[in-house]
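Each residue of the sequence shown is one higher than the last, beginning at 1 in UniProt numbering.
For every residue, glycine included, the Cβ atom is placed at its ideal position computed from N, Cα and C.
Just so it is clear, the structure is predicted and the values come from calculations on it, not from any experiment.
Beneath this line is the structure, given in structure tokens, with notes to follow.
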Amino acid sequence: MPSQSDAATILPTSEVLRLLAKRAEHGEVAVADIAAIAGRRAHPAILALVALPEALPLPVAGMSTALSIPLIAVSAHMAIFGAGQGLPGFLSRRRLPASLVRLVADRAASFLARVEKLSRPRLTWITARSRVLAAMCLLLALVIALPIPFGNMPPALCVLLIAVGMIQKDGALVAAGASGGIFILTGGLFAVEYLWRIWRV
1 MPSQSDAATI LPTSEVLRLL AKRAEHGEVA VADIAAIAGR RAHPAILALV
51 ALPEALPLPV AGMSTALSIP LIAVSAHMAI FGAGQGLPGF LSRRRLPASL
101 VRLVADRAAS FLARVEKLSR PRLTWITARS RVLAAMCLLL ALVIALPIPF
151 GNMPPALCVL LIAVGMIQKD GALVAAGASG GIFILTGGLF AVEYLWRIWR
201 V
């Protein structure tokens, strides 16, 4: 369990987003900047912020593939090494366009703040399963990367709920995102099996 001093240094995602928007006024924002502001919750903070444009969704045409790369990399890193570990250099150096960061902050900061206001620490044993949750986020990130029309929003929303729930220590929020993720992944497997049977006929 984190100490009171640790808890005091953990910023809500909406505040991290506002601070990044200020930094974006001076140019591109590196993933390392997000990690520096988010501190020990860097992994879920990055997942939440990168999933936001697809989850709401925001008008960022053609960004699905570009956004899915950090989603895949961060979730894979957390699944292998756990949350709280330092990010690899190639990922820390990756940059997000300043215009994208400002757009997300303008459109999503208030939405995130409302979610955080309703959230509270509960069912914390769920949020402690960071590697399992990261593995699910990785699978959902792979779905987001697929060129499926209007198919990015549901898995991105699940990643967002899981990530924000981990930051807020809200197991109910995580459970909602994980349940949606299981439904999406299961449905996808059935769809692939159905198409495979048709193709073999």
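Please classify residue i as buried or exposed, where buried requires at least 16 neighbouring CB atoms within 10 angstroms.
i, result
"leucine 195", "exposed"
"glutamine 44", "With the sequence shown as reference, residue 44 is identified as proline, and glutamine is not the correct amino acid for it. Buried, by the Cβ-count rule."
"alanine 191", "exposed"
"lysine 169", "buried"
"leucine 146", "exposed"
"serine 99", "exposed"
"glutamate 193", "exposed"
"arginine 41", "buried"
"histidine 26", "exposed"
"glycine 187", "exposed"
"lysine 80", "Note that residue 80 is isoleucine in the sequence shown, not lysine. Exposed: under 16 other Cβ atoms inside 10 Å."
"glycine 82", "exposed"
"serine 3", "No answer about serine 3 holds up, because its pLDDT of 41 lies below 50 and its placement is not dependable."
"alanine 7", "Caution applies to alanine 7, whose pLDDT of 43 falls short of 50 and renders its modelled position unreliable; the value that the coordinates give is listed next. That one is exposed."
Quick one, which of the options has its alpha-carbon nearest residue i's?
i, options, result
"valine 132", "Glu15, Ser110, Leu52 and Ile162", "Ile162"
"alanine 175", "Phe150, Trp125, Val192 and Leu189", "Trp125"
"alanine 36", "Leu19, Leu185, Val50 and Ser179", "Leu19"
"valine 16", "Arg120, Glu116 and Leu139", "Glu116"
"alanine 108", "Gly171, Gly84, Arg200 and Ala48", "Ala48"
"aspartate 33", "Leu91, Ser68 and Ala178", "Leu91"
"alanine 157", "Cys137, Ala172, Pro149 and Lys22", "Per the sequence shown, the amino acid found at residue 157 is leucine instead of alanine. Answer by Cα proximity: Cys137."
"threonine 13", "Arg114, Val29 and Val164", "Val164"
"glycine 180", "Ile167, Gly171, Pro154 and Arg197", "Pro154"
"valine 50", "Val74, Gly27 and Gly39", "Val74"
"leucine 160", "Arg94, Ile198, Ile148 and Ala141", "Ala141"
"alanine 55", "Ala79, Leu112, Trp199 and Gly188", "Leu112"
"arginine 93", "Arg120, Val31 and Phe183", "Val31"
"alanine 172", "Phe183, Ile148, Pro121 and Arg200", "Pro121"
Whole-angstrom Cβ separation of residue i and residue j, contact assumed at under 8 Å?
i, j, result
"proline 53", "valine 104", "6 Å"
"leucine 185", "leucine 123", "In fact, because the Cβ distance is near 22 Å, the residues do not count as touching under 8 Å."
"arginine 95", "valine 143", "Wrong, their Cβ atoms sit about 25 Å apart, outside the cutoff."
Which residues does DSSP list as the beta-bridge partners of residue i?
i, result
"arginine 95", "Ala30"
"arginine 170", "Position check: residue 170 holds aspartate in this sequence, whereas arginine was assumed. The partner list for aspartate 170 (beta bridge, DSSP) reads Arg122."
For the ligand MN, any of its heavy atoms closer than 7 Å to the Cβ of residue i?
i, result
"leucine 49", "Among the components of this structure there are no ligands whatsoever, and the ligand MN is therefore not found."
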